[in-house]
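Worksheet for the structure shown next.
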Amino acid sequence: MVFIAAALLLLLLSGLCALFLNNRPAVAAALCATACIASCLAALFPVFAVFFSGREMSFDLLWPAAGGLRLFLVLDRLSAFFLVPVLLLSALAALYGWGYLRRERNSESCGRQWFFFNMLVASMLAVFLAADGLIFLLCWEMMALSSFFLVVSRDEEESVRRAGFIYLAASHCGTAALFVMFAFLSAAGISGGFWNSAAFPGPDVGVLRVLLLSLGIFGFGMKAGFMPFHFWLPRAHPAAPSHVSALMSGIMIKAGIYGILRMFSVAGVTDAWCGAALIIAGICSGILAMLSALNRRDTKSVLAYSSIENIGIICMGTGLAVYAASCGGTLVCLLALSGALLHLFNHAFFKGLLFMAAGAAGKSCGSRDPDALGGCAKALPVTSSSFFLGAAAASGVPLLNGFPGKFLIYLAAFCGLQLKGSGLLLPSTAVIVGLSLSGCLSLACFTGLSGIIFLGKPRSCAGRPEEYSALMGAAMISAAAVCLFLTFAAPLLSFSLCGAVSAVFASTDTASASGLADRLAPLSCASAWVFVLIAAALAAGRLLLRRRKVSFGETWNCAYAAADARMQYTSASFFYPLSRTFTFFNVRKSPAAVSKTTFFPGEYEGYSSRRIGVFRTLLSGIAAKLEFSLSCLRWLQQGRLHIYIMYIMTALLALLLWKVR
453 MVFIAAALLL LLLSGLCALF LNNRPAVAAA LCATACIASC LAALFPVFAV
503 FFSGREMSFD LLWPAAGGLR LFLVLDRLSA FFLVPVLLLS ALAALYGWGY
553 LRRERNSESC GRQWFFFNML VASMLAVFLA ADGLIFLLCW EMMALSSFFL
603 VVSRDEEESV RRAGFIYLAA SHCGTAALFV MFAFLSAAGI SGGFWNSAAF
653 PGPDVGVLRV LLLSLGIFGF GMKAGFMPFH FWLPRAHPAA PSHVSALMSG
703 IMIKAGIYGI LRMFSVAGVT DAWCGAALII AGICSGILAM LSALNRRDTK
753 SVLAYSSIEN IGIICMGTGL AVYAASCGGT LVCLLALSGA LLHLFNHAFF
803 KGLLFMAAGA AGKSCGSRDP DALGGCAKAL PVTSSSFFLG AAAASGVPLL
853 NGFPGKFLIY LAAFCGLQLK GSGLLLPSTA VIVGLSLSGC LSLACFTGLS
903 GIIFLGKPRS CAGRPEEYSA LMGAAMISAA AVCLFLTFAA PLLSFSLCGA
953 VSAVFASTDT ASASGLADRL APLSCASAWV FVLIAAALAA GRLLLRRRKV
1003 SFGETWNCAY AAADARMQYT SASFFYPLSR TFTFFNVRKS PAAVSKTTFF
1053 PGEYEGYSSR RIGVFRTLLS GIAAKLEFSL SCLRWLQQGR LHIYIMYIMT
1103 ALLALLLWKV R
């Protein structure tokens, strides 16, 4: 734990130094990026030790001067499994951010951005280590605030400010629910509160147990971003800088999944309704998120909806595992949760790679609108190759690291179908249908997005774009290498997967690791052989064409003699069949009728509209009723500072009297 303490200290000190180097942004960027990379690499030593051995480490410090505040950190198998992608992706995001902000040297907010970036990394590291309720909530709030200030770093735009405040409100709603849950648990009088299983009410205390589990799912689910708590995510991620979006989508939203798993580990999962709720939320997130991504005019917004879809996949696996654990299906529980955790591990890297590539393309071409780009593949070879690789992994192509986790969840669902009389028939069928439909929609979405941005002819990109920064290219290449490595390394993670599952469900032991590795080994071997065959075919092609004259020509363009960029597919035309299929969700308005009295009508503008989602309608109605109910308290908002100070003093006095009574 010494390395982790040193990493936290280095992150905090380098972030504070960046505030004093605000007028020298290049020095601040070099200092903070280097410190972040060094801190992540240093913290990897104890994390890898627990990750591969399963031995637990802890750090316990009582601070009497602060009223008996206890700093209790624990590095166990579950937290180590989450911390590996946290540290690796944070180092890559810092390297990418160094190049991403390099040309913004005149920006006055550069030092502040690096301060909050290092605070975000430090708070995420502490969240996955905190074993005391108060320290956990403190680090959770630090994570929310630091990410908020990063989201609104370009606050001169109204859309950015609006996205930031929506995210802040959503985060604090979730945090308020967690505060209530922790307050109930602290009444048990047990040190550590939330992390101690003795503090959580058992099945015999039905109403209180359901209330606490509901508060936990709401509070942690708001951070995870699955439906219906997803509304902040497609707004906040496009507003943030790309390296911050990669960190938030790849890592930060996983803190919500970590909190849910921790809650289940201390509660003792005997509640089938929790599994059913997660399965329903996962299916809605997986399907509706990809339908919402169609026709989006912002690449990062599409990737944000894809994150919701992948969180939905993780929720499906987790929900099936919880349901199976309540029904006694040990094998189904192991396979489902292992698949969810493996997909969570892989998603961190391929989604981080996608956000990095999208940010690099936007910086090079000056736009994130897919319909304004096109033909960037040859001019941006590193960016386009990285995006293609990440898109294929996000689509669940079997050869890449986005598939093994889904494969285990599919396997768990089919095993559940075979357990007759266990009650797993309906949830297993729902998971299979949800995974299949969301996977098909994801494949269609990323096929269209990749082709529209990088293939064809340039649409409105001024000049020939170039790679924006070598540091950004190095970060993308490293993330792509990790994705390729994880394609073949899934069997090597079987011991850590089983250890993480046993930390949640005590009935599962690490002896099942060999069986899990046997199920993953054929998949990895098949992927390796396919990659070898592809490499051999490419090498043979280059060898055969080495002494021949190769000529290049236009791609077949349906016999058009002079095809231009206006004749290419746009996102609206590419996704039109899907939009027509799912008319209950996407509605397109027809353009104004063209007069038939002339052969060459003038220009006219068509437009499309999207039906407001049921979740947005529900939340808007709740917000309107809440605003009406609280309107009677508006007299408290006087707009005078001394009145607000009086409110604070009154609250402090009331708390003091309650404490000494």
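Residue numbers (the working numbering): 453 to 1113. Glycine included, every Cβ here is placed at the ideal spot set by N, Cα and C. Owing to the predicted nature of the structure, the values given are computational and were not obtained by experimental measurement.
Cβ-based burial, residue i [other Cβ within 10 Å; buried from 16]
{"i": "Cys943", "result": "For the record, residue 943 in the displayed sequence is Pro; it is not Cys. With 16 or more Cβ atoms within 10 Å of its Cβ, Pro943 is classed as buried."}
{"i": "Ile766", "result": "buried"}
{"i": "His1094", "result": "exposed"}
{"i": "Val659", "result": "exposed"}
{"i": "Val604", "result": "buried"}
{"i": "Cys1084", "result": "exposed"}
{"i": "Leu602", "result": "buried"}
{"i": "Trp566", "result": "buried"}
{"i": "Val592", "result": "According to the sequence displayed, residue 592 carries Trp and not Val. Looking at its Cβ environment, which holds 16 or more other Cβ atoms inside 10 Å, Trp592 is buried."}
{"i": "Ser510", "result": "exposed"}
{"i": "Gly993", "result": "exposed"}
{"i": "Val1039", "result": "Low per-residue confidence applies at Val1039: pLDDT is 47, beneath 50, and the placement is therefore not dependable, though the value from the model is reported in the following sentence. The residue in question, Val1039, is exposed, as its Cβ has fewer than 16 Cβ neighbours within 10 Å."}
{"i": "Gly1091", "result": "exposed"}
{"i": "Ala583", "result": "buried"}
{"i": "Leu985", "result": "exposed"}
{"i": "Glu761", "result": "buried"}
{"i": "Asp607", "result": "exposed"}
{"i": "Ser505", "result": "exposed"}
{"i": "Asp723", "result": "buried"}
{"i": "Phe1004", "result": "exposed"}
Cβ-based neighbour list, residue i, same chain, cut-off 8 Å, excluding 5 preceding and 5 following
{"i": "Leu907", "result": "Gly826, Gly827, Ala829"}
{"i": "Ser976", "result": "Pro856, Thr939, Phe940, Ala941, Ala942, Pro943"}
{"i": "Ile861", "result": "Ile765, Met768, Gly769, Leu772, Leu787, Ala788, Gly791, Ala792, His795, Val883, Leu887"}
{"i": "Ala733", "result": "Gly673, Phe678, Met679, Pro680, Gly764, Cys767, Gly771"}
Counterpart residues of residue i in DSSP-defined beta bridges
{"i": "Ala582", "result": "Leu525"}
{"i": "Phe511", "result": "Leu525"}
Option in the options with minimal Cα separation from residue i
{"i": "Ala978", "options": "Pro850, Thr835, Ile732", "result": "Pro850"}
{"i": "Leu887", "options": "Leu852, Gly848, Leu871", "result": "Gly848"}
{"i": "Ala969", "options": "Gly549, Leu786, Phe898", "result": "Leu786"}
{"i": "Leu893", "options": "Ala741, Phe634, Leu995, Ala478", "result": "Ala741"}
{"i": "Arg1143", "options": "Met768, Cys817, Gly875", "result": "Residue 1143 is absent from the model: the chain starts at 453 and stops at 1113."}
{"i": "Ala800", "options": "Met700, Trp981, Ala777, Ile618", "result": "Met700"}
{"i": "Val538", "options": "Ala729, Met704, Gly842", "result": "Met704"}
{"i": "Ala457", "options": "Leu685, Leu527, Ala543", "result": "Leu527"}
{"i": "Ala623", "options": "Phe840, Leu637, Leu589, Ser638", "result": "The sequence shown places Ser at residue 623, not Ala. When each option's Cα is compared against that of Ser623, the closest is Leu589."}
{"i": "Thr835", "options": "Leu471, Pro822, Ala813, Thr627", "result": "Ala813"}
{"i": "Phe681", "options": "Ala933, Arg661, Cys736, Cys935", "result": "Cys736"}
{"i": "Leu878", "options": "Cys562, Gly720, Tyr775, Asn853", "result": "Tyr775"}
{"i": "Glu570", "options": "Ile587, Ser491, Ser561", "result": "Sequence inspection shows Asn at residue 570; the Glu mentioned does not correspond to that position. The residue with the shortest Cα to Cα distance from Asn570 is Ser491."}
{"i": "Leu841", "options": "Thr899, Ser819, Val953", "result": "Thr899"}
{"i": "Phe580", "options": "Arg613, Leu597, Val536", "result": "Val536"}
{"i": "Ser948", "options": "Cys488, Gly551, Leu530, Ser638", "result": "Leu530"}
{"i": "Ser717", "options": "Ala955, Ala1106, Phe503, Leu1030", "result": "Ala955"}
{"i": "Ala596", "options": "Gly585, Ala628, Glu609", "result": "Ala628"}
{"i": "Gly925", "options": "Leu806, Phe600, Leu876, Gly668", "result": "Leu806"}
{"i": "Ala494", "options": "Met453, Phe1027, Met1098", "result": "Met453"}
{"i": "Ala546", "options": "Ile669, Lys675, Ser697", "result": "Ser697"}
Cutoff 6 Å; reference residue i; Cβ partners in own chain excluding five residues on either side
{"i": "Leu871", "result": "Gly781"}
{"i": "Gly811", "result": "Ser694"}
{"i": "Ile884", "result": "Ala865"}
{"i": "Ala615", "result": "Arg687, Ala688, Ala691"}
{"i": "Cys484", "result": "Ser466, Ala470, Trp566, Asn570"}
{"i": "Phe839", "result": "Ala809"}
{"i": "Gly549", "result": "His695"}
{"i": "Ile712", "result": "Phe672"}
{"i": "Ala843", "result": "Phe898, Ser902"}
{"i": "Asp821", "result": "Arg749"}
{"i": "Gly891", "result": "Gly848"}
{"i": "Ser880", "result": "Ala865, Gly868, Leu869"}
{"i": "Gln1020", "result": "Gly908"}
Neighbour flag for residue i against chain C, beta carbons, 8 Å
{"i": "Ala719", "result": "Protein chain content of the structure displayed is limited to a single chain, and chain C is not contained in it."}
Own chain residues within Cβ distance below 7 Å of residue i, not counting five before or after
{"i": "Ala574", "result": "Leu460, Leu463, Leu464"}
Cβ-heavy atom distance, residue i to the ligand MN, below 7 Å
{"i": "Met715", "result": "The ligand MN is not among the ligands present in this structure, which contains no ligands whatsoever."}
Alpha helix (DSSP H) runs contained entirely in the stretch 841 to 884, provided each spans 4 or more residues: For the stretch 841 to 884, whole alpha helix (DSSP H) runs of length 4 or above, ordered along the chain, are 856 to 870.
In chain order, what are the residue ranges of uninterrupted beta strand (DSSP E) at least 3 long that sit wholly in the stretch 588 to 624? Counting only runs of 3+ residues, no beta strand (DSSP E) is found wholly inside the stretch 588 to 624.
Return the chain-ordered ranges of every alpha helix (DSSP H) run that is complete within the stretch 667 to 748 and spans a minimum of 4 residues. Here the runs fully enclosed are 685 to 691, 694 to 699, 706 to 719, 724 to 745.
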